[in-house]
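First to last, the protein sequences are chains A and B.
Its first residue numbered 1110, the first sequence is counted upward by one per residue in the numbering used here.
Its first residue numbered 1110, the second sequence is counted upward by one per residue in the numbering used here.
Data first, discussion second: the structure below is written as structure tokens.
Number of protein chains: 2
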Amino acid sequence: MSRMNPTPRQRARAQAIEDIKRIAREQLASEGSAALSLRAIARELGIVSSAVYRYVPSRDDLLTMLIVDAYNSLGEAVEEAETRCPREDLLSRWRAIGLAVREWAVARPAEYALLYGSPVPGYHAPVEQTGDPGTRVMMLVVALLVDIQRGSPPTKVDGVLGRDLTAVREAVAVEVGEEVLARGYLAWTSMFGLVSFEVFGQYNGSFSDFAAHFAYQLDRIALGVLGLSTT
Amino acid sequence: MSRMNPTPRQRARAQAIEDIKRIAREQLASEGSAALSLRAIARELGIVSSAVYRYVPSRDDLLTMLIVDAYNSLGEAVEEAETRCPREDLLSRWRAIGLAVREWAVARPAEYALLYGSPVPGYHAPVEQTGDPGTRVMMLVVALLVDIQRGSPPTKVDGVLGRDLTAVREAVAVEVGEEVLARGYLAWTSMFGLVSFEVFGQYNGSFSDFAAHFAYQLDRIALGVLGLSTT
DNA sequence: GCATGTCAAGAGCACTGCTCTCTTTTGTTG
DNA sequence: CAACAAAAGAGAGCAGTGCTCTTGACATGC
């Protein structure tokens, strides 16, 4: 009833929500996440502030929508880049994932901060909405780990960490050993550490060419952490 | 005149500023950086809001003070841990730095977010005040890199990245080759990637024992990136 | 044509940072 | 000890925020 043949009403409503999100993204880009103001959005739309609440329940819900959209946008971009690679070329798959993440992040620093920066104060992302889109990139890395594991026997990890990793392995239900999984976690966090340092300006102008630095370190992660040969 | 024998006035003033910063830190911890409110601080102090402006020029200046204090607190903690290690035990020095950073971060997540999270919207840290305290931890890593370099001939890095690294090497004026410097950057960002993922809740409950995970990955960085033997 | 549901408007509440003026307190000094 | 100046506090006020509520206009579906 609501998805087959949308009524003009539903069309207009969807368009209004799309407009609100578009302007919200612009504000996000120019001012930052905490400066996101429903009143400013209303002004931009030539609308009184209370009217915005017809379309968006609250500021936090708007943030959630933007986060979900951002996760999907990032996921789509990275999936698109990764599927171009030949399946057997593990190194180029890793490179494609990393480069796509960085490219997306530097193009949309505010949205990247929303996903991977400090959590917005007072706001906690509802996992039931953000959880699924938030794992799309992760899943590509997991698939890569499976192919890295293939051929060599899985190695366990000792202690509490080993049990945690086993639980993760069983949760995602793929054939990857604990030790490779741990390598994947480090590669994953290292890559986001690199991107975050660049996007959040932690390098303090050490590098004139961030892309070169990132590509270099991405290969170093592939070699030193994932064990992929870069020759 | 102003630092030898402080007058009672100066004492009271310093105490008032200290109280403001203390309550600000509490608010930061309980609510987050954007929720930091001068009016709320005034309420807590039993003071009218305008009176706070006698001690703190603005909200942004208060944030700057907190950032400088946080950098110094972190730097002090890490320096303290690192100097305990025997100079020749490079691995334990790296471990000490990493563990101290993590410990400090998980104990003060809000202040850590202030330093290494997404930048506070509308606020840009004045480099002339935050620059120096912000490099204290970095300097320990640089010193470690010098000792890693010692004995082996320095290796250059090609291209733009190589020139950037040479500029950094000349800026800090220490005997460390470009290639080791690049390793240091990756180790540095990887470590902060790990800490940020934990503090900012990106792991989504994968690990029950973050400390074990961190210690494990810290050693892996030492081995795979810094080239320190963990045997 | 009319009832129904949607949308916009506007007022209002409680909060924020910040400025201004006025008064009180307080340390110093003649 | 008294007088003075500097510092601190109080309070009003401005412009902004998220959000709620009521009221009126309008289009949609029967």
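Where a beta carbon is used, it is the ideal one built from N, C-alpha and C, also for glycine.
Note that the structure is a prediction, hence the values are computed from the model and not measured.
Three-way DSSP call (helix, strand, coil) for residue i in this model
i, result
"B:Ser1111", "Confidence at B:Ser1111 is low in this model, with a pLDDT of 38, below 50, so its placement is unreliable and the value that follows should be read with caution. If DSSP states are grouped into helix, strand and coil, B:Ser1111 belongs with coil."
"B:Ser1201", "helix"
"A:Gln1181", "At residue 1181 of chain A the sequence reads Asn, which differs from the Gln that was named. A:Asn1181: helix per DSSP, three-state reduction."
"A:Tyr1312", "coil"
"B:Gly1268", "helix"
"B:Ala1164", "In the sequence on display, residue 1164 of chain B carries Tyr and not Ala. Correct three-state label for B:Tyr1164: coil."
"A:Tyr1294", "helix"
"B:Ser1338", "coil"
"B:Val1157", "coil"
"A:Gly1305", "Checking the sequence, you will find Ser at residue 1305 of chain A rather than Gly. A:Ser1305 falls in the helix class under three-state DSSP."
"B:Ser1299", "helix"
"B:Tyr1225", "helix"
"A:Leu1208", "helix"
Which listed residue (the options) has its alpha carbon closest to that of residue i
i, options, result
"A:Glu1135", "A:Ala1216, A:Gly1310 and A:Ile1156", "A:Ala1216"
"B:Val1277", "A:Val1210, A:Val1251 and A:Gly1314", "A:Gly1314"
"A:Met1300", "A:Gly1286, A:Glu1288, A:Leu1335 and A:Asp1318", "A:Leu1335"
"A:Arg1168", "A:Leu1224, A:Val1177, A:Ala1143 and A:Lys1265", "A:Ala1143"
"A:Ala1209", "A:Thr1340, A:Ala1320 and A:Gly1333", "A:Ala1320"
"B:Asp1267", "A:Leu1199, A:Leu1303 and A:Ala1324", "A:Ala1324"
"B:His1233", "A:Gly1310, A:Tyr1232, A:Ile1150 and A:Lys1130", "A:Gly1310"
"A:Gly1207", "A:Ile1176, A:Asp1170, A:Gly1260 and A:Glu1188", "A:Glu1188"
"A:Pro1262", "A:Gly1302, A:Leu1337 and A:Glu1288", "A:Glu1288"
"B:Ala1282", "B:Asn1181, B:Met1248, B:Cys1194 and B:Thr1116", "B:Met1248"
"A:Arg1202", "A:Met1174, A:Val1255, A:Ser1317 and A:Ala1133", "A:Val1255"
"A:Ala1219", "A:Ile1129, A:Leu1145, A:Glu1127 and A:Phe1316", "A:Leu1145"
"B:Leu1086", "B:Asp1198, B:Ala1149, B:Cys1194 and B:Leu1175", "Missing from the structure shown is residue 1086 of chain B; chain B here goes from 1110 to 1340 and no further."
Separation of residue j from residue i, as counted between CA atoms
i, j, result
"A:Ile1330", "B:Ala1205", "22 angstroms"
"B:Met1110", "B:Ala1179", "Confidence is the limiting factor: at B:Met1110 the pLDDT is only 42, short of 50, which leaves the residue's position unreliable, though a coordinate-based value still follows. So the two alpha carbons sit approximately 28 angstroms from each other."
"A:Arg1118", "A:Gln1124", "10 angstroms"
"B:Pro1235", "B:Val1250", "24 angstroms"
"A:Val1161", "A:Pro1242", "26 angstroms"
"A:Glu1212", "A:Thr1264", "34 angstroms"
"B:Arg1196", "A:Tyr1312", "27 angstroms"
"A:Arg1112", "A:Glu1237", "Because the pLDDT of A:Arg1112 is 47, which lies under 50, any placement of that residue in the model is unreliable, and the number read from its coordinates should be weighed accordingly. Going by the C-alpha atoms only, they are around 22 angstroms apart."
"A:Arg1245", "A:Thr1275", "21 angstroms"
"B:Gln1326", "B:Leu1332", "10 angstroms"
"A:Val1229", "B:Glu1153", "24 angstroms"
"A:Leu1171", "A:Ser1182", "16 angstroms"
Rounded Cβ spacing between residue i and residue j (contact assumed at less than 8 angstroms)
i, j, result
"B:Ala1214", "B:Val1308", "5 angstroms"
"B:Leu1147", "B:Ser1139", "Not confirmed; about 16 angstroms, so no contact."
"A:Thr1339", "A:Leu1200", "6 angstroms"
"A:Gly1226", "B:Ser1227", "3 angstroms"
"B:Leu1270", "A:His1322", "5 angstroms"
"B:Gly1286", "B:Gln1258", "6 angstroms"
_Contacting positions in the stretch 1311-1322 of chain B - beta carbon closer than 8 angstroms to chain A_ = Result list: Gln1311, Asn1313, Ser1315, Phe1316, Ser1317, Asp1318, Ala1321 and His1322.
*Could you name the residues of the stretch 1283-1303 of chain A whose beta carbon sits closer than 8 angstroms to any beta carbon of chain B, in the order they occur along the chain?*
Ala1291, Arg1292, Tyr1294, Leu1295, Thr1298, Ser1299, Met1300, Phe1301, Gly1302 and Leu1303
*Check distances from the C-beta atoms of the stretch 1121-1144 of chain A to those of chain B and list, in chain order, the residues that come in under 7 angstroms.*
Glu1140, Gly1141, Ser1142, Ala1143 and Ala1144
*Cβ-based contacts, 8 angstroms cut-off: residues of the stretch 1193-1222 of chain A near chain B*: Ala1222
_Closer than 9 angstroms between beta carbons: that is the criterion. Which residues of the stretch 1154-1175 of chain B meet it against chain A?_
none
_Residues, ordered as in the chain, of the stretch 1260-1274 of chain B that lie near chain A by beta-carbon distance below 7 angstroms_ = Of all residues in the stretch 1260-1274 of chain B, the ones placed with a Cβ closer than 7 angstroms to any Cβ belonging to chain A are Gly1268, Val1269, Leu1270 and Asp1273, in chain order.
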